[in-house]
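**Q**
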Amino acid sequence: MKTLTNAVISVLMSAMVLPLGAEAKEGVKVDHLGINNTLVRVEGNSHYLLLPVQEANDDARINVLVDGDLAKTIHVRLAKTKVDYFVPFDLTPYKDKELILAVVTSQDRGTVREVKDDACWKNMCLSDTFDTTNREKYRPAFHHTPLYGWMNDPNGMVYKDGVWHLYYQCNPYGSKWQNMTWGHSSSRDLVNWQHHAPAIEPNGLGTVFSGSCTLDKANTAGFGEDAIVALYTSADLSQVQSLAWSNDGGESFDIYPGNPVITLESEARDPNMFWDDRQNAWVLTLAHALDHEMLIFTSPDMKEWTLQSSFGQGLGSQDGVWECPDLMEVEVDGSGLKKWIMICNINPGGPFGGSATQYFIGDFDGKTFTPDTDENGQVVTKWLDYGKDHYATVSWSNAPDNRHTIIGWMSNWQYAAEVPTQQFRSANTLPRELSLFKAPDGMIYAASAPSPEVTGLRDKLVRSSQKLSVGKKGQTFALPTANDGVCETLMDIEAKKGSKVDIELKNNAGERVVMTYDPSARTMSFDRRESGIVDFSQDFPAVTVAPTFETEGKVSLRIFIDRSSIELFGNDGRFVMTNLVFPTTPYTHIAVSANGGNAKITNLKIYSISSK
Ligand code: FRU
Numbered sequence: 174m175k176t177l178t179n180a181v182i183s184v185l186m187s188a189m190v191l192p193l194g195a196e197a198k199e200g201v202k203v204d205h206l207g208i209n210n211t212l213v214r215v216e217g218n219s220h221y222l223l224l225p226v227q228e229a230n231d232d233a234r235i236n237v238l239v240d241g242d243l244a245k246t247i248h249v250r251l252a253k254t255k256v257d258y259f260v261p262f263d264l265t266p267y268k269d270k271e272l273i274l275a276v277v278t279s280q281d282r283g284t285v286r287e288v289k290d291d292a293c294w295k296n297m298c299l300s301d302t303f304d305t306t307n308r309e310k311y312r313p314a315f316h317h318t319p320l321y322g323w324m325n326d327p328n329g330m331v332y333k334d335g336v337w338h339l340y341y342q343c344n345p346y347g348s349k350w351q352n353m354t355w356g357h358s359s360s361r362d363l364v365n366w367q368h369h370a371p372a373i374e375p376n377g378l379g380t381v382f383s384g385s386c387t388l389d390k391a392n393t394a395g396f397g398e399d400a401i402v403a404l405y406t407s408a409d410l411s412q413v414q415s416l417a418w419s420n421d422g423g424e425s426f427d428i429y430p431g432n433p434v435i436t437l438e439s440e441a442r443d444p445n446m447f448w449d450d451r452q453n454a455w456v457l458t459l460a461h462a463l464d465h466e467m468l469i470f471t472s473p474d475m476k477e478w479t480l481q482s483s484f485g486q487g488l489g490s491q492d493g494v495w496e497c498p499d500l501m502e503v504e505v506d507g508s509g510l511k512k513w514i515m516i517c518n519i520n521p522g523g524p525f526g527g528s529a530t531q532y533f534i535g536d537f538d539g540k541t542f543t544p545d546t547d548e549n550g551q552v553v554t555k556w557l558d559y560g561k562d563h564y565a566t567v568s569w570s571n572a573p574d575n576r577h578t579i580i581g582w583m584s585n586w587q588y589a590a591e592v593p594t595q596q597f598r599s600a601n602t603l604p605r606e607l608s609l610f611k612a613p614d615g616m617i618y619a620a621s622a623p624s625p626e627v628t629g630l631r632d633k634l635v636r637s638s639q640k641l642s643v644g645k646k647g648q649t650f651a652l653p654t655a656n657d658g659v660c661e662t663l664m665d666i667e668a669k670k671g672s673k674v675d676i677e678l679k680n681n682a683g684e685r686v687v688m689t690y691d692p693s694a695r696t697m698s699f700d701r702r703e704s705g706i707v708d709f710s711q712d713f714p715a716v717t718v719a720p721t722f723e724t725e726g727k728v729s730l731r732i733f734i735d736r737s738s739i740e741l742f743g744n745d746g747r748f749v750m751t752n753l754v755f756p757t758t759p760y761t762h763i764a765v766s767a768n769g770g771n772a773k774i775t776n777l778k779i780y781s782i783s784s785k
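Numbering (this note's numbering), first residue to last: 174 to 785.
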């Protein structure tokens with residue numbers, strides 16, 4: 174398999190920034206054609222042209238001309254007054270060809286003389302390596318992240334021959350949303366990820382938005398037996414649905430020449446398909462984003478699709494666009510009863526502002542999804558995660574052992590582009606197993622517990638305690654000192670009504686996260702208002718609240734603390750809270766205390782996690 178390695182460049186990137194007024198580097202010839210227009214001629218056969226980025230700038234449009242023909246267009250925030258970082262432009266496809274980057278900027282310059290001084294021209298340089306070494310303190314130790322640059326939705330997840338493929342929305346040319354491309358990582362255990370070259374790149378139909386992959390076991394599309402077939406949104410002025418397939422185990426894709434296979438008159442995206450044995454046909458859910466509904470199509474071959482029904486208008490949260498659907502059949506808590514879950518990610522309109530994953534439980538007859546109603550005949554809005562940073566969650570297709578393995582983007586559109594990282598932006602949640610359970614209110618809900626493979630992250634048991642009784646003063650435990658304290662903490666809490674149990678993470682800078690279990694209200698809350706750096710967005714400081722779906726005053730918690738995120742799983746994932754945090758220095762202690770009566774803490778365990 175072809176993989177990108179963490180090649181280390183000999184000189185530190187920052188040391189490469191030239192002072193203003195210097196000449197362009199060897200092999201890079203710059204001709205200015207006016208205040209907005211510049212030609213960059215690239216000579217020689219290096220691997221990369223490194224492009225200098227200044228994030229605060231507008232995007233420059235770069236037409237890539239190969240032997241005079243337009244090969245592609247990319248958008249890059251080229252540096253004006255300072256270089257924040259470099260991004261690599263891969264030159265290998267253009268070996269021995271005449272390569273010109275025709276650049277149109279909106280740098281707001283009055284004269285060509287001023288343009289010439291812009292930092293981008295003299296810092297662009299050729300290199301055979303690109304440094305992806307992680308030096309950022311908020312880069313997660315045990316969550317999937319891109320090697321560099323921006324990432325949003327997980328896409329096209331498919332399991333084949335022991336490998337979990339994870340494609341994702343990425344920008345190969347910067348750490349903000351742009352140039353949407355399918356990045357690609359793979360794993361044999363869902364926690365150690367290998368990075369691959371981008372799998373699907375923009376073409377004449379547009380950039381590559383979210384979508385799904387499936388295994389075409391019976392070769393219904395004619396792309397080959399067991400081909401991995403991708404259906405994704407091509408996004409330009411409009412959004413249409415495109416097919417691509419891979420015959421090399423998901424490494425590279427051929428684009429179907431008959432694209433697009435679905436066109437509509439208004440925004441529709443994020444196609445998600447599965448094979449339905451009952452009708453020997455493919456079923457597709459497609460987000461009819463602005464109409465706040467999901468469309469359901471069927472097809473014999475993934476090329477010809479017939480619209481069967483729509484679901485969602487007037488239901489659930491209607492405050493934002495509907496995106497990234499998923500539809501699957503899941504057994505209810507080992508009861509033999511099977512129900513269908515329709516996942517409808519929405520943005521904004523989440524319970525704590527911005528993006529969130531909404532779902533409905535019901536029945537699906539192959540054409541129409543019918544949601545369950547409560548005792549008053551109402552369709553209830555349900556949420557898969559009660560934090561602020563869990564979005565675009567969908568499942569792996571062809572997962573082994575009938576598993577419903579899901580993963581989400583661990584951020585929120587409200588501030589994803591502003592979080593205090595730069596070399597990369599965003600991580601995915603831990604992989605989770607979706608299941609259904611009957612709650613005390615008699616309705617069926619979805620649980621999502623960490624996938625079994627996540628247990629393999631545990632390193633040393635650094636603290637354990639069988640039984641404790643905590644009151645107001647509480648008990649404090651040190652988190653592991655190695656690896657910035659990243660860890661998994663488990664505990665079972667039993668508390669009487671009227672008392673409240675606080676679990677507090679704290680560091681030496683006085684920053685803290687407070688998670689509170691309230692057995693009377695049957696809620697768990699998560700307060701990150703004083704968690705560290707919170708001022709990059711007014712939407713970041715927040716308290717999120719989850720129902721605990723229990724009546725006995727007992728919760729069993731698994732809390733995963735990474736360098737910039739906390740995931741709290743309660744009662745095997747019956748309630749989950751995923752929230753980002755940016756402590757200026759790592760949390761060092763966890764304190765458990767109870768107000769309004771003592772609480773019993775049993776099976777407390779703290780496991781360190783080593784970096785992957
Ligand atoms: C969801 C989303 C999708 C779209 C993609 C674009 O986060 O808006 O609807 O396909 O991101 O990057």
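C-beta: ideal position from N, C-alpha, C; glycine also.
Mind listing which residues have their beta carbon within less than 6 Å of any non-hydrogen atom of the ligand FRU? Chain order is fine.
**A** N325, D326, Q342, M353, F382, S383, T406, R442, D443, E496, C497, A565
**Q** Hey, A441 and C497: beta-carbon distance below 8 Å or not?
**A** Cβ distance not < 8 Å, so A441 and C497 don't count as in contact.
**Q** Rounded to whole angstroms, how far is the Cβ of V728 from the Cβ of Y690, which I believe are closer than 8 Å?
**A** 6 Å
**Q** Using beta-carbon positions only, say whether R702 and E723 come within less than 8 Å of one another.
**A** no
**Q** Is the Cβ-Cβ distance between V792 and V249 less than 8 Å?
**A** A question about residue 792 goes unanswered here, because the residues of the chain that appear run from 174 up to 785.
**Q** Expressed to the nearest angstrom, what Euclidean distance is found between the alpha-carbon atoms of L436 and Q412?
**A** The question names Leu, but residue 436 is Thr in the sequence shown. Approximately 8 Å, taken between the alpha carbons.
**Q** Do you know how far the Cα of L663 is from the Cα of K778?
**A** In a straight line, the C-alpha of K778 is about 5 Å away from that of L663.
**Q** Are the beta-carbon atoms belonging to P613 and I580 less than 8 Å from one another?
**A** The criterion of a C-beta distance shorter than 8 Å is not satisfied by P613 and I580.
**Q** Can you find a C-beta in chain B that's less than 8 Å from the C-beta of P313?
**A** Chain labels in this structure do not include chain B; a single protein chain is all it has.
**Q** Kindly indicate which three-state DSSP category D232 falls into: helix, strand or coil?
**A** coil
**Q** In three-state DSSP terms, what is N171?
**A** Since the first residue of the chain shown is 174 and the last is 785, residue 171 is not available in this structure.
**Q** Please name the residue or residues paired with W478 in a DSSP beta bridge.
**A** According to DSSP, which records beta bridges pairwise, W478 is partnered with nothing at all.
**Q** Which residues does DSSP pair with V288 in a beta bridge?
**A** V288 pairs with nothing; no bridge assigned.
**Q** Mapping DSSP to helix, strand and coil, what is K555?
**A** strand
**Q** From G194 to D290, what distance separates their C-alpha atoms?
**A** In this predicted model, G194 has a pLDDT of only 44, less than 50, meaning its place in the structure is not dependable enough to derive any value.
**Q** Can N352 and Q342 be called in contact, C-beta distance under 8 Å?
**A** no
**Q** Helix, strand or coil: which one does DSSP assign to G194?
**A** Confidence is the limiting factor: at G194 the pLDDT is only 44, short of 50, which leaves the residue's position unreliable, though a coordinate-based value still follows. Here G194 sits in coil by DSSP.
**Q** Candidates L224, I617, N680, D204: which alpha carbon is nearest G347's?
**A** L224
**Q** From L251 to M688, what distance separates their C-alpha atoms?
**A** 42 Å
**Q** Could you tell me whether the Cβ atoms of F537 and P544 are closer together than 8 Å?
**A** no
**Q** Could you give the uninterrupted runs of the beta strand (DSSP E) lying entirely in the stretch 706-734, keeping only those of 3 residues or more?
**A** 716-720
**Q** With burial defined as no fewer than 16 other Cβ atoms inside 10 Å of the residue's Cβ, what is the status of I774: buried or exposed?
**A** buried
**Q** Where does the unbroken beta strand (DSSP E) through D691 begin, and where does it stop?
**A** 685-691
**Q** Please list, in chain order, all residues of the same chain as G423 whose beta carbon is under 6 Å from its beta carbon, the five residues on each side excluded.
**A** H338, I401
**Q** Nearest-angstrom Cα distance between L753 and F733?
**A** 12 Å
**Q** In three-state terms, what does DSSP make of T302?
**A** coil
**Q** DSSP three-state call for E626: helix, strand or coil?
**A** helix
**Q** Grouping DSSP H, G and I as helix and E and B as strand, with all else coil, what is T265?
**A** helix
**Q** Note down, one range per segment and in chain order, each beta strand (DSSP E) of at least 3 residues found wholly within the stretch 556-607.
**A** Every beta strand (DSSP E) of 3 residues or more that sits fully in the stretch 556-607 is shown, in chain order, as 564-568, 578-582.
**Q** For the stretch 482-556, which segments carrying the alpha helix (DSSP H) assignment without a break, of at least 4 residues, lie completely within its bounds, in sequence order?
**A** none
**Q** One question on the structure: do N420 and G395 come within less than 8 Å of each other, judged by their Cβ atoms?
**A** no
**Q** Between the Cα of L500 and those of S508, K512, D204, H220, spot the shortest distance and give me the residue it belongs to.
**A** K512
**Q** Compare the C-alpha of G671 against each of P593, S608, G726 and name the closest.
**A** G726
**Q** What do you reckon, are the CB atoms on I514 and L609 nearer than 8 Å?
**A** yes
**Q** According to DSSP, is N296 part of a helix, a strand, or is it coil?
**A** helix
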